[in-house]
Structures are given as C-alpha cells and as structure tokens.
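Asks: Here it is, the structure in full.
There are 2 protein chains.
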Amino acid sequence: MNAIKKDIPNFITALNLISGVVAIILCLSFNNLELAALFIFLGAIFDFFDGLVARALNVSSPIGADLDSLADVVSFGVAPSILLFQGLWNISCCPWSAGVALLIGAFAALRLAKFNNDTRQTTSFIGLPVPANAIFWIGFALSLPMLKELMGLYPLNILSHILVFFIGYLMISEVPMFSFKVKKISFFGLRYQLILIFIAVLSFIFLKYLGLSLTILAYILLSIVQNKLSK
Amino acid sequence: MNAIKKDIPNFITALNLISGVVAIILCLSFNNLELAALFIFLGAIFDFFDGLVARALNVSSPIGADLDSLADVVSFGVAPSILLFQGLWNISCCPWSAGVALLIGAFAALRLAKFNNDTRQTTSFIGLPVPANAIFWIGFALSLPMLKELMGLYPLNILSHILVFFIGYLMISEVPMFSFKVKKISFFGLRYQLILIFIAVLSFIFLKYLGLSLTILAYILLSIVQNKLSK
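So the sequences go chain by chain: A and B.
The numbers in the first sequence follow our numbering, run straight up by one, and end at 231.
The numbers in the second sequence follow our numbering, run straight up by one, and end at 231.
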C-alpha cells in the first residue's frame, strides 16, 4: 500500500511527460497546433498536481524532483520548441528557417539543470521558469499566421530568431521573477500577481492567443519593476 | 576563458538533446526512420564525448550531470518512443495501436530519475541503461516491415506491447548489467564484453537492423549469466 502511495506522484509526473509527447505528435503528424497546445496545458496541470499530491501524501523524494525535471524538459522545453518549429514551417513552407526553434529545448534543459536544485528559489524564481517559456511559445506559435499578415514573413522570421534567444537567455539568466507562491495572502503583497492576472484576462480577450505571449512579457517586465522598486 | 571551458561539455550535451529533437522531426514529419536512427546514434556520440571532455578539462559538475539526464531522456527515451510509434503506425495504418510506444519515454524518465544519482553504479549498471533501450528500439522499429511479413500484424502488435513492458521493466529493475568501463583490461576480465561484440557483429551481418535488438537481448542474457556465475 505504501509503495503504491509512493508511486502516485511519479505516475502523475509520467502523465505530464506523455502529454508532452502527445503534443509533439499532434504538431508534427497532424499539424494540429491548437490541440497540441491544449496537451501542453494538460501537462502543466499534471505538473501542478504531482507536487501537490506528493506533499499531501508526504512522499516527496529526490527521485520525484528529478523525474519532474525530466518530464518538464519534454512538455515545456521540447514540445513548445516543436510547436514553434511547425508554426514557422507552416508560414514559410520550408523547414530550414524553422530550425532556430530547436534551440528552445536546449535552453529549457540548461535552465532545468542550472536552477532546479537551486535552493535560493523558494517564493520567487531566478530566471524565467519553463512553464512560462511554454506559455510564451504557445501564444506566439498560434499567432504566427496573424503576425505574418501584419508584418510580413521576413521581419517575422527575424523577430522569431530574436525572441528565441531573448526568452532562452531569460531562462538561464539570474533575473529574479516573482511567483504565485506567497507566504501571506494580502492585497498589497499580491499586487504584482493581481496586475498580471488583470493583464492576462484583458490581453486574452482582445488578442486571443497572442495575449498569452504578451502576458509572459508583462510578467518579465513586472518582475524587473518589482526588483528595481524593492532595492 | 575558464567560463568558456566550463561550458564546452554542456554545449556538447545540448547537441545530444538537439540530435534527439531532429530525430523526432525526421520520424514524424518526414517518415524517415533510418535517418532518425542515425541522429539518435549521433546523440549517443555527443553523450559519450560530453562526459569525456568534462573529465579531460576537469570541469565535471552536478549541473552537467543533470543536463546529461535531461538530454538523455529526449534522445534515448522520447526519440526511440517516437521511432517505434511511427514504425507501428506505418505498418498498421492507424496511430491508435501505436500509442503503447509512448510509454517508452516515461519508463526512460523513471530510470534516469531512479538511477542516475545511484552511487552503486561504477563499473556496472543496475537495470538496462537508456542508450541500450534506444539501440533496442532502433533495431526493432526499423525491422517492423520485415517482422510483419514474417509473423503477421496482429501477433507483431502483441509482441510490441510485451516488449515495451519488458524493456521498460528492465530499465527500472534492479538487475545488474555489465558495462564496458572496466578497471583492468584483460582477456578473461573482458570475456562477456568480447562475446557481446562478437554477437553484435555476427547478428548485424546476418540480420541487419534486427541484429541491434538481438544484441541488446544478448546483453541482458549475458548480464544475467554473469550475475548467476559470480554468486
């Protein structure tokens, strides 16, 4: 019974990884980017619950933490990377220019290796967390056809390249980012989180998928502002 | 200069991960399983050299070890899983029965989480290592059309399901497996390794790709024999 209890969180983490693999297949074999994005979100739900269940059952373990990273690199590193790859390929009819997308998985792995065992991260993150990376690319990849209409293929390709390195750099940077894990719940203590939720809702209503990417950019900006003000 | 030196092994590990992602794209977008298999092998070469370079430059680190696992789960867990998935899909014209292949990635992640920080593993492994898992599935996936001719679709589907659980179980099992890292080079001390090389060469000559899978089965068998005899 105890052995089964111990394995429940790991089973949930495995479901996170499998969700990521399903997202990859939906992108590349079925060219269904929206459904793929949903599976990445499903992975995020499993990712949220595995830790929660492990703590509730009091079976947190180093193996569980390692497994978590291994699932995260697939669901929030490789899967978004493939999502952007397929999105860029769709708008440009050529897989080569989409190759830059593959770096996202490598940046995510670097981040997970560098920061997952970083004890400085308790109620805040250092660098952009990988689920935020996933949300950014879901929004961007799903908005590519609209962005192509708006700004043309060539500038969009350049923008994609810049963003891959910008988001990649932020993941492995030492920039402090606030989290939703707070010690004490108060309106003032949660002001940055509340502003972000407000931006997220508004931008999703008006810009649909692109709102997801803008929310992550707002998150980065708000974190920098919070950091400057608290000094 | 020192910072660059420190990053060289991590750069090589990142190339391992990217090779795995390229293999996944070659499978699903181009249905080119042979080229995908070559990229998994390329990943294995990077995997071999990152540790070697880290030790040579004296820059081994816990971050490097973690990054190694994160790349391995993609190249030797998810990529072989996708290879089998596409292979099964090709012979059965239906993606659903191929779904069992997705478990390979989850088993590989469980293995990496469970054993990568296991200090008992020095000159031998406990359970089947993930590169051996990758070699097994490369051989099996590339031989699927031939196996279908030989035994028919339905029995082959059942065999695939059994093998996924058998190889998956071996990865997370406590079965001791010998390695090629030996303390002292002698003909007698290396007898199991030499028998395995002999089987690998012979089976590859006579059975081509299927020889890869048979070599891994021989490796499992020889490890069990060695283990029984040394008791």
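Backbone N, C-alpha and C fix where the C-beta goes; we use that ideal spot for every residue, glycine too.
Bear in mind that the values here come from a model prediction, so they are computed numbers and not experimental data.
Quick check: is the beta carbon of residue 29/A nearer than 8 Å to any beta carbon in chain B?
Replies: Taking Cβ atoms only, chain B reaches closer than 8 Å to residue 29/A, which makes this a yes.
Asks: Out of curiosity, what's the CA-to-CA distance linking residue 46/A and residue 21/B?
Replies: If I take the Cα positions, the gap works out to 23 Å.
Asks: Which residue spans inside the segment 62-136 of chain B form an unbroken alpha helix (DSSP H) run of at least 4?
Replies: Fully enclosed alpha helix (DSSP H) runs of 4 or longer: 62-72, 79-92, 103-115.
Asks: Please decide whether residue 32/A counts as near chain B, where near means a Cβ-Cβ distance under 8 Å.
Replies: No, residue 32/A lies away from the interface with chain B (no Cβ there is under 8 Å from its Cβ).
Asks: Beta carbons nearer than 9 Å to chain B: which residues of the segment 80-97 of chain A have them?
Replies: Per Cβ criterion, the list reads 81, 82, 85, 86, 89, 95.
Asks: Excluding the 5 residues preceding and the 5 following residue 17/A in the sequence, name in chain order all residues of the same chain whose CB lies nearer than 8 Å to its CB.
Replies: Same-chain partners within the cutoff: 43, 70, 71, 74, 75.
Asks: How far does the beta strand (DSSP E) with residue 178/A in it extend, from its first residue to its last?
Replies: 176-178 is the extent of the beta strand (DSSP E) around residue 178/A.
Asks: Run through DSSP, which three-state label would residue 57/B get?
Replies: Residue state, collapsed to three classes: coil.
Asks: Under a three-way DSSP split, which group does residue 31/B fall into?
Replies: Residue 31/B falls in the coil class under three-state DSSP.
Asks: So for residue 190/A, helix, strand or coil by DSSP?
Replies: Residue 190/A falls in the coil class under three-state DSSP.
Asks: Does chain A have any CB closer than 8 Å to the CB of residue 113/B?
Replies: Chain A, which has a Cβ nearer than 8 Å to the Cβ of residue 113/B, makes this yes.
Asks: In chain D, what lies closer than 8 Å to residue 14/A by C-beta?
Replies: Looking for chain D here will not work: the only protein chains present are A and B.
Asks: Please report the straight-line C-alpha distance between residue 186/B and residue 161/A, rounded to a whole angstrom.
Replies: Looking at the two C-alpha atoms, the distance is approximately 53 Å.
Asks: Assign residue 208/B to one of three DSSP states: helix, strand, or coil.
Replies: In this structure, residue 208/B counts as coil in the three-state DSSP scheme.
Asks: In chain A, what lies closer than 9 Å to residue 47/B by C-beta?
Replies: By Cβ distance, chain A contributes nothing, its closest Cβ being about 13 Å from residue 47/B, past 9 Å.
Asks: I need the boundaries of the alpha helix (DSSP H) containing residue 168/A, first residue and last residue.
Replies: It spans 153-172 - the alpha helix (DSSP H) in which residue 168/A sits, taken as one unbroken run.
Asks: Which of the three DSSP states, helix, strand or coil, is assigned to residue 197/B?
Replies: The answer is helix: DSSP assigns residue 197/B an H, G or I state.
Asks: By the criterion of Cβ-Cβ separation under 9 Å, what are the contact partners of residue 63/B in chain A?
Replies: Chain A residues near residue 63/B: 110, 113, 114, 117.
Asks: Could you have a look at residue 25/B and say whether DSSP puts it in helix, strand or coil?
Replies: If DSSP states are grouped into helix, strand and coil, residue 25/B belongs with the helices.
Asks: Spatial neighbours of residue 80/A within its chain, please: C-beta separation below 7 Å, excluding the five flanking residues on both sides.
Replies: The answer, listed in chain order, is 40, 104, 133, 134, 137, 138.
Asks: Residues of the segment 156-184 of chain A in Cβ contact with chain B at a cutoff of 7 Å, in chain order, please.
Replies: Cβ contacts with chain B: none found.
Asks: Just checking my contact of residue 216/A with residue 174/A at CB under 8 Å: how many whole Å lie between their CB atoms?
Replies: Not confirmed; about 18 Å, so no contact.
Asks: Would you say residue 69/A reaches chain B, if we count a Cβ-Cβ gap shorter than 8 Å as a contact?
Replies: Taking Cβ atoms only, chain B reaches closer than 8 Å to residue 69/A, which makes this a yes.
Asks: Beta-carbon of residue 10/A versus every beta-carbon of chain B: anything under 8 Å?
Replies: Chain B, which has a Cβ nearer than 8 Å to the Cβ of residue 10/A, makes this yes.
Asks: Going by CA-CA distance only, name the one from 164/A, 109/A, 34/A that's closest to residue 101/A.
Replies: Here the closest residue by C-alpha is 164/A.
Asks: Do residue 107/B and residue 172/B have their C-beta atoms within less than 8 Å of each other?
Replies: Contact flag set, yes.
Asks: Among residues of its own chain, excluding the 5 on either side of residue 12/A, which ones have a beta-carbon nearer than 7 Å to its beta-carbon?
Replies: Around residue 12/A: 46, 49, 50, 53.
Asks: Who are the Cβ neighbours of residue 204/B in its own chain at under 6 Å, not counting the five residues just before and after it?
Replies: For residue 204/B, where only same-chain residues beyond five positions count, the Cβ hits under 6 Å are 211.
Asks: Are any of the Cβ atoms in chain A nearer than 8 Å to that of residue 74/B?
Replies: Output row for residue 74/B: interface = yes.
Asks: If you count every other CB in all the chains shown that lies within 10 Å of the CB of residue 27/A, and 16 or more means buried, which is it?
Replies: Flag for residue 27/A reads buried.
Asks: From 201/A, 178/A, 206/A, 199/A, pick the residue whose C-alpha is nearest to that of residue 190/A; which is it?
Replies: Minimum Cα distance to residue 190/A is reached at 178/A.
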